[in-house]
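Presented below is the structure to which this report refers.
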Amino acid sequence: MHALNLLTSLALLPLTFAAHLTVSIPPSRDLSNPSSLPSTTHSTLFRLDNTLTTPLTRRNTFEFTDVTPGSYLFTIQCRDYTFTPYRVDVTAIGGEGRENVEVWQTFWGNEWGNKGERIGGGIWKGSTSESVSVEARVERMKIYYQERQGFDPLSFLKSPMILMALFSLVLIVGMPYLTESMDEETKKEFEELQASGPLGAQDKAAALQNFDMAGWLAGKSK
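See the structure below:
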């Protein structure tokens, strides 16, 4: 009988010295109702020789009941939101069966020793004590699709080609009315200016287009 009690005590010994950690998801600006998270949401405490995984409870918490001493990476896997990763350090306090739990912010791609601000922590005093509790942080909502922009008629006015076309249309429509309102001297000066401008040099342009460059280079005379 004594041997059976001894074996039972030895079997429960690892659980006695394993800390309890609870991470809750409080309402926030990005996530006003944590209960709306999908049922597939779960969290992981990762270490090279020990990985713990737990699902999201109805109280919007993740509860780990067998966290042995060591340093862990805490992450939350969620379809709709991204959460801040944490570093969880669990150290034993003497032989009293107590564990010191410290939770720090950590950063992806940085050295493991580069810890951010302290999130929380406490001392777990045994199986009869309350779990050490901290709160998770929502970073952002995941967006898988790009929203299509609506049609804006005013966006046409931002195009240089549209502005040039409108300006040309105003000149074509408004020029006859402008010339009719001119007096005789101004109209005569305008006609002389047109004749000496590019519009009046159509003959010169035509002669330039008909110029035989190959013949000129060959020494031929017209």
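Numbering (this note's numbering), first residue to last: 86 to 307.
Beta carbons: idealized from backbone N, C-alpha and C, even for Gly.
Reference residue i; option with closest CA among the options
i: Thr-126; options: Ser-109, Leu-242, Trp-197; result: Ser-109
i: Arg-183; options: Gly-207, Pro-170, Thr-167; result: Gly-207
i: Glu-187; options: Ile-247, Glu-274, Ser-156; result: Ser-156
i: Gly-115; options: Leu-263, Ile-228, Glu-274, Ile-247; result: Just to set this straight, residue 115 is Asp in the shown sequence, not Gly. Ranking Leu-263, Ile-228, Glu-274, Ile-247 by Cα distance to Asp-115 puts Ile-228 first.
i: Glu-220; options: Thr-160, Leu-133, Phe-241; result: Thr-160
i: Phe-168; options: Lys-200, Pro-111, Ile-247, Arg-144; result: Pro-111
i: Asn-185; options: Arg-225, Gly-205, Ala-250; result: Gly-205
i: Thr-176; options: Thr-153, Glu-196, Leu-158, Trp-189; result: Thr-153
Buried or exposed (CB count within 10 angstroms, at least 16 for buried), residue i
i: Glu-128; result: Contrary to the premise, residue 128 reads as Ser rather than Glu in this sequence. Ser-128 is buried by the Cβ-count criterion.
i: Ile-178; result: exposed
i: Leu-92; result: Legend: pLDDT at Leu-92 = 41, less than 50; position of this residue unreliable, value from coordinates given subsequently. Exposed is the call here.
i: Trp-209; result: buried
i: Leu-254; result: exposed
i: Leu-141; result: buried
i: Ala-103; result: buried
i: Asn-145; result: buried
i: Gln-234; result: exposed
Whole-angstrom C-beta distance between residue j and residue i, which should lie under 8 Å
i: Ser-113; j: Val-223; result: 5 Å
i: Pro-105; j: Val-217; result: The amino acid occupying residue 105 in the given sequence is His; Pro does not appear at that position. At roughly 7 Å, the Cβ-Cβ gap stays under 8 Å, so His-105 and Val-217 are in contact.
i: Tyr-166; j: Thr-191; result: That pair is no contact at about 18 Å.
i: Phe-147; j: Thr-139; result: 5 Å
i: Leu-242; j: Leu-248; result: 7 Å
i: Arg-164; j: Pro-119; result: Not confirmed; about 14 Å, so no contact.
i: Gly-198; j: Trp-189; result: Not confirmed; about 11 Å, so no contact.
i: Leu-158; j: Phe-149; result: Incorrect: roughly 13 Å between the Cβ atoms, too far for contact.
i: Thr-264; j: Lys-272; result: 6 Å
Collapsed DSSP secondary structure at residue i in the structure displayed
i: Thr-153; result: coil
i: Ala-103; result: coil
i: Tyr-262; result: helix
i: Glu-202; result: coil
i: Met-246; result: helix
i: Leu-284; result: Confidence is the limiting factor: at Leu-284 the pLDDT is only 48, short of 50, which leaves the residue's position unreliable, though a coordinate-based value still follows. Three-state result, Leu-284: helix.
i: Ser-109; result: strand
i: Pro-119; result: helix
i: Leu-254; result: helix
i: Thr-125; result: coil
i: Glu-277; result: helix
i: Glu-270; result: helix
i: Phe-236; result: coil
Residue range of the unbroken beta strand (DSSP E) whose run includes residue i
i: Ala-221; result: Here Ala-221 belongs to no beta strand (DSSP E), and DSSP marks it neither H nor E.
i: Tyr-229; result: Neither: Tyr-229 is in no beta strand (DSSP E) and is coded neither H nor E.
i: Trp-189; result: 183-190
i: Asp-174; result: 171-178
i: Leu-137; result: 135-140
i: Phe-168; result: 166-168
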